[in-house]
Every structure is written in structure tokens, then in C-alpha cells.
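Shown next, in C-alpha cells, is the structure this report addresses.
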Ligand code: UTP
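And the structure:
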């Protein structure tokens, strides 16, 4: 027997995965070799410790949790706003700011064919999420006279389709060399008995293992080295499905750099105690995100003396990481969270079984699992309407429709704030979309009004 197979057999026996031998037995030599390589790539130690966690789910100790300090954007004076924005612009001009979008998720709730970033949320312009983001970044790059490197994390499932989409849209005008695509890690899906699942008889069902893979995947792909070579000192992080994201927001960049904690984060107020969002807090004195289902009941409704929710800082996945922090923790493994999901699988004959009920565990790490490694986090509380329009579901809340309406309402507000008289222009009943190339955050509306009006109705 060859040594690869022997090694694999030992591994499978050690980690109680003998059922894999039934798959191996039936394969021709080429396929068998492929499967062996897949098995050897699995970190069984991490896998077992994640499964152990399922058996020993710990309840969060209330005593360990405290609210986190934050600053409110709406209470900044004009001088403060200008000062932080100017610092942000200085870093952008210096080429010290990179941006990372995590776009490796499966988007299973949305059910869109293709990578989530390719989604058209039905704006009048027909722009995809990726195009909106590219144009916002281009706006800043043009004004800073310095192109912002854009790191795009994909997964093996959507990597090629993502690149093809960028290519077929000519990178939305973004410099091709500043779009750095890299793939994230995956982990096998496992059934409730802890057995590896297959997607075909020769293929283990590897699924993207969470946005927390981004530091290690930046490192392993060479993208981290690229950041170093370019002299990036801060990385702006966001989710691909936030349709309204102010990527590389100069004010937030400058704010983060001014306080110089290794992580800073933008938060919004949780609307009601039951809202399904994670909250920023301190756990044992360290920065932490409590997921909505982990918040102890006793804390969920609790309010402070101002009547605000004690744990009311909703995490919206907008962060700034200092480069040295990423470099320090890129090789540091954080334990996986385990979630029970409906996952299709193959038997040894290649028959695909589609479960009706959740049947298998998906292992994921989250970017905020790295938060406790930071001594302190700088938090900026901002306005939901301007910062957060998630596209998670096909319909209802957090859907393409809610995100589209939020963008159009914001643009309407920009017009009103700039004193544009829509009635006089005969446009009072219309939604007006403003290209990110013309305005990043509501500036320059009056100067650009002719162009804005000309662009309406263009698809
Ligand atoms: P979500 O947790 O909302 O997951 O991701 P999702 O895959 O987009 O959607 P569902 O849960 O399957 O419906 C939040 C962000 O993290 C990214 C997503 O692309 C999204 O930007 N992500 C998620 C990754 O980059 N990799 C992952 O493995 C998971």
C-alpha cells in the first residue's frame, strides 16, 4: 500500500472517519489520489475541537459582560469632523489605506445565482453591489490622486465567477492592478455524528469557513505581503452585502488613526432589544461581540440611566485594522463556531440527498473573534440610514428592495440638504439616484445637478 493511503487510513481511524474508506475503495486511482489530498489538507484537530464545543456549549457569564465606550458622530463639532476627515485624506493621499471586502460567503438566504457582489438591487442605474463599491472607492481615489488597493476575498466556490464579473465590466474603471483577489479557506461540512460529508463520491464537501478566515487567507495568499510592499498601515474592512457602505470613509479612517487603537469599528444603535444583530461590549475587560443568540436574557432588555439599551451597539461589520495587528494575528487560529444547517450531500453512489431539516454542521470563524486580542477598540456610533443597508434575504427585511429604497431615500435627502428644489425641476415624484462618481456622501450636489438630472432614467 502506498504511504499516502496508509497515512490517510491512520488519520481516518484516529478521527473516527472510517466511512471515508468506503468512498476511497470505489474510486479509480486518479480520483482516489485527489480524495487523499483533500483528506490530508484537513485540520482534524481543529475539526474535533469545534465538534467538542457543540457538546459543551457554554452560556455567557453575565458578570463578565460590560458595555463598551463609544463616541457619537452626531455629537462631533464641525471642527472635529473636519479634523478627522483631513487626517483620513492625508492617509489616503499617502497610499496608507487599503480596503478589504469579504465576499466569500455562500449567500444561502438570498439565493442569488452567482456571487453576492454581482447582485443588481434594482436601482435605476442597474448597478451591481460591486459596481457601487468600486465607484465609491474611485471617487475617493480620484480626489486623493492615489488609487486605493482593494482586496477582494472570495471562496473556491465563487472565485472564478467573481473575477469574470470584474473582467466583463472592465473592473468598473478601477485599476486592474489595484483589485487584488484572493481565496479564503474552507472547512468540511460534518453531519451530526461528526462524520465528513461529501458533495460527490470523490469530493469532500468543503464550505467557506467564515469571514474570520480573512487574516490567515490574506497571509497565505500573499496579499498581506502585497499590503506591506505598498506601505499600507490601515485596512478598512466591510461586508460585500452592505449596499450603502461608505468604503474607506475618510472621516472614519482619520478617526481610527487618531486614536490609534489596533481596531476601530463603526456601530449603529440597535433598534429594539429583539433585533437580530451582534452587539459590541467588553467581556472580561476585552473588546468582544456577543451574537444575538448569546446575549443573556437578563441583559437583553436592560437600559442605562439615559434609557438606552445597555448592550445597544449593533455590530455592522465596518472595521479598521492596523496593519501590525493583522500581521501579528494572521497565523493565529481562532476556534470555529458551529452552526446546524441544511446541507446537501452525496452517498458513495453519487446520489445527492437534499435534507428537509437541518442535518449538518458548518464551521465558521468570524472576524470579531479577533477583537479580544486588541487591548481597546475605538467605536464610532453612526446613523443607520447612512451606513447600513444589508442584503441578506430574498424578500422582506434586509432584502434588495429595502437596500434600494434606503439608497434612494438617502439621495433624496442629499438633494434636499443641498437646497435643490425638485418641484421646480418637475422631479418631486421621482426617485433620483446619484452616481457615487459624482458624490460620495452628499457633497458636490449643486455643482453636479445638471449631470445628476441627465443621468436619470439611464439603465
Ligand atoms: P453572512 O454571515 O451574512 O453570510 O456573511 P452569507 O454567506 O453572506 O449569507 P448566508 O448566511 O449564507 O445567507 C457576512 C459577510 O461575510 C462574508 C459574506 O460574503 C458577507 O460579506 N463571508 C461569510 C465570507 O467572506 N466568508 C464566509 O465564509 C462567510
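Numbering (my numbering), first residue to last: 2 to 460. Every residue gets a Cβ at the ideal spot worked out from N, C-alpha and C, and that includes glycine.
When the alpha-carbon of residue 38 is set against those of 6, 383, 182, the nearest one is in 6.
Between the region 385 to 397 and the region 333 to 353 there are fewer than three C-beta pairs closer than 8 Å, too few to call the two in contact.
Between the region 188 to 201 and the region 231 to 239, the count of Cβ pairs shorter than 8 Å is below three; the stretches do not touch.
Taking 7 Å as the cut-off, the C-beta of residue 143 does not count as close to any heavy atom of ligand 1.
Secondary structure note for residue 92: its alpha helix (DSSP H) is the uninterrupted segment 79 to 94. Under a 10 Å Cβ-count criterion, residue 420 is classified as exposed, with fewer than 16 other Cβ atoms of the shown protein chains found around its own Cβ. In the DSSP assignment, residue 287 forms a beta bridge with 284.
If the five residues before and after residue 140 are omitted, its C-beta is found closer than 7 Å to the C-beta atoms of 437, 438, 441, all from its own chain and listed in chain order. Taking the Cβ of residue 147 as the reference point, every heavy atom of ligand 1 lies at 7 Å or farther away. With fewer than 16 other Cβ atoms inside 10 Å of its own Cβ, residue 30 counts as exposed. Taken through DSSP and simplified to helix, strand or coil, residue 340 comes out as strand. DSSP lists 152, 238 as the beta-bridge partner residues of residue 101. Distance between residue 455 and residue 414, taken at the CA atoms: about 19 Å. Annotation for residue 20: 196 place their beta carbon closer than 7 Å to its own, counting only its chain and skipping 5 residues before and after. Annotated three-state conformation of residue 188 is strand, per DSSP. Per DSSP, the unbroken alpha helix (DSSP H) holding residue 137 starts and ends at 130 to 145.
Between the alpha carbons of residue 86 and residue 292 lies a distance of about 31 Å. As DSSP reads the structure, residue 320 sits in a beta bridge with 238, 266. Rounded to whole angstroms, residue 110 and residue 80 show a C-alpha spacing of 43 Å.
Annotated three-state conformation of residue 208 is strand, per DSSP. Per DSSP, residue 35 is not a residue of any beta strand (DSSP E); the alpha helix (DSSP H) it occupies stretches across 30 to 41. Residue 452: not part of any beta strand (DSSP E); member of the alpha helix (DSSP H) spanning 446 to 456, first to last residue. Residue 230 carries a helical assignment under DSSP once its states are collapsed to helix, strand and coil. Taking 4 residues as the shortest admissible run, the region 343 to 413 contains the following complete alpha helix (DSSP H) segments, listed from N- to C-terminal end: 385 to 388. The region 298 to 309 makes no contact with the region 175 to 192; the number of CB pairs closer than 8 Å stays below 3. In this structure residue 272 does not touch residue 71 by the C-beta definition: roughly 17 Å separates them, more than the 8 Å allowed. Assigned with DSSP and collapsed to three states, residue 64 falls in helix. Where residue 199 is concerned, the enclosing beta strand (DSSP E) starts and stops at 199 to 201. Residue 56: member of the alpha helix (DSSP H) spanning 45 to 56, first to last residue. Pairing residue 405 with residue 63, the inter-Cα distance amounts to about 39 Å. Checking the 7 Å criterion, the Cβ of residue 242 is within range of a heavy atom belonging to ligand 1. As computed with DSSP, residue 315 is found in a beta bridge with 269, 280. Look at residue 166 here: in three-state DSSP terms it is helix. As a beta-bridge residue in DSSP terms, residue 181 pairs with 152. Within a 10 Å sphere around the beta-carbon of residue 401 sit 16 or more other beta-carbons, which makes this residue buried. Set against 7 Å, the gap from the CB of residue 103 to the closest heavy atom of ligand 1 is smaller.
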